[in-house]
Amino acid sequence: MRDVFHYFKARWALVVFGGAAVLLIPFVAYLGGQSVALGWYTSLMLGFVLLLLLFFDGRRYIARLRLMRTISMHTGALPEALPAPQDALEKEYQAVIRTLVQRQVETNRALETAQDENLSYYTLWVHQIKTPIAAMRLVLQGSGCAEAGVLRQELFKVERYAELALQYVKLREIANDLVIERCDLGRIVRESVKKYGLLFVYKGLSAEIAPLDLAVVSDAKWLGFILEQLISNAVKYTNAGGVKIFAENACLVIEDSGIGIRAEDLPRIFEKGYTGYNGRVDTRASGVGLYLTRQVADALAIRLEVRSVPGRGTRVALAFPDADTFRFRE
């Protein structure tokens, strides 16, 4: 019904003119002393022709209107899908549309090229920065002074930040990088904790890993990335006690005794750039780590559930998908 209204709104001049003509014919016949009955008969014939015209023209108009709505939902094929113009004005409108679409395509290509160049640069930078990091680590290994220990700790953080930048670049095409297979969860957890062993030692924190005889269907590398980010956050915001990792109800749980997360911050911790109250206290927080964690978890169909009590710690549970969710290598 709305389309019919749009049609009459577009053809209002024709409707008004036709209606006026139908009414004027018997009126003019009356004023001229002609047969009024003949005038009404002429008006009836004219009205019938007008209704036929409005019916067929309206049907064509509504069909084209609905076609244009469909085309507008698939703008990628817009220039080829446009119907043949009915007059010179519509032809010019379509010419304007094609010009705008072409400019949009060219702009998108330019943006994609610039973005690819930036990604290539960032990837190259991350790989190149690993060389001086490795060299500094070798130098520090031969030193036993207290300052060397602090430098080793900070150098480890620099290396982790570089890895995070590389994963951020790869996240754009993570689907092409996934290798889904049965993974030994216990081995991945132990390797992830081992990477942060240095920080556990320097902060005097304990790391308790319960037996994890559990195989999950996932990508070992990206699952390790998720665990590393969660363990990193646990160590970063824990000053006493430690981190416990165990299985519960077919879920992997990472639990710390840190400062916790405020209730108002919990719903937003996975948002890009959001740091919350803890991030304002620790100005080094970027709000990127947990954002990447959620993106990777979504790609692996892993459900994350976070519970926290300020001052008592944080608990993160990872629920893994069923084997039928992915096609994987045995």
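The sequence shown stops at residue 369 when you use the working numbering, and every number in between is there. Beta carbons: idealized from backbone N, C-alpha and C, even for Gly. All values derive from a computational prediction rather than experimental measurement.
Buried/exposed call for residue i, threshold 16 Cβ in 10 Å
{"i": "Trp164", "result": "exposed"}
{"i": "Ala339", "result": "Correcting the residue type first, residue 339 is Leu in the shown sequence and not Ala. That one is buried."}
{"i": "Phe44", "result": "exposed"}
{"i": "Gln167", "result": "exposed"}
{"i": "Asn278", "result": "exposed"}
{"i": "Phe359", "result": "buried"}
{"i": "Val256", "result": "buried"}
{"i": "Phe56", "result": "exposed"}
Candidates the options, of which the one nearest residue i by Cα
{"i": "Lys260", "options": "Lys242, Pro250, Ser231", "result": "Ser231"}
{"i": "Tyr207", "options": "Met175, Gly58, Gln268", "result": "Gln268"}
{"i": "Arg221", "options": "Lys234, Leu63, Ala362", "result": "Ala362"}
{"i": "Met40", "options": "Ile101, Val140, Glu202", "result": "Ile101"}
{"i": "Asn272", "options": "Val327, Leu158, Gly243", "result": "Val327"}
{"i": "Gly236", "options": "Thr138, Lys275, Phe87", "result": "Lys275"}
{"i": "Val335", "options": "Leu238, Leu210, Gly243", "result": "Leu210"}
{"i": "Glu198", "options": "Met175, Gln141, Gly58", "result": "Met175"}
{"i": "Ala302", "options": "Ala289, Leu357, Asp337, Gly350", "result": "Gly350"}
{"i": "Gly86", "options": "Ile64, Gln154, Arg103", "result": "Ile64"}
{"i": "Ile219", "options": "Ile341, Leu190, Ala149", "result": "Ile341"}
{"i": "Gly297", "options": "Ile270, Ala289, Pro306, Phe66", "result": "Ile270"}
Proximity below 7 Å, CB of residue i to CB of residue j
{"i": "Ile227", "j": "Leu262", "result": "yes"}
{"i": "Thr353", "j": "Gly312", "result": "no"}
{"i": "Leu194", "j": "Asp258", "result": "no"}
{"i": "Tyr160", "j": "Gln192", "result": "no"}
{"i": "Leu266", "j": "Gly225", "result": "no"}
{"i": "Val61", "j": "Ala68", "result": "no"}
{"i": "Ile308", "j": "Leu329", "result": "yes"}
{"i": "Leu179", "j": "Ala187", "result": "yes"}
{"i": "Ala246", "j": "Phe239", "result": "yes"}
{"i": "Gly253", "j": "Ala286", "result": "Going by the sequence as given, residue 253 is Leu instead of Gly. Yes, the Cβ-Cβ distance between Leu253 and Ala286 is below 7 Å."}
Check: residue i C-beta below 6 Å from any heavy atom of the ligand ATP
{"i": "Arg105", "result": "What this structure holds is no ligand at all, so the ligand ATP is not there to describe."}
Between the region 339–350 and the region 274–283, do three or more beta carbon pairs fall short of 8 Å?
no
Whether or not the region 94–107 and the region 77–86 are in contact is what I'm after, with contact meaning three or more pairs of Cβ atoms, one per stretch, closer than 8 Å; do they touch?
no
For the region 167–181 and the region 285–305, state whether three or more C-beta atom pairs, one from each stretch, are separated by less than 8 Å.
no
Along the chain, which unbroken stretches of the beta strand (DSSP E) at least 3 residues long are found entirely within the region 176–227?
220–223
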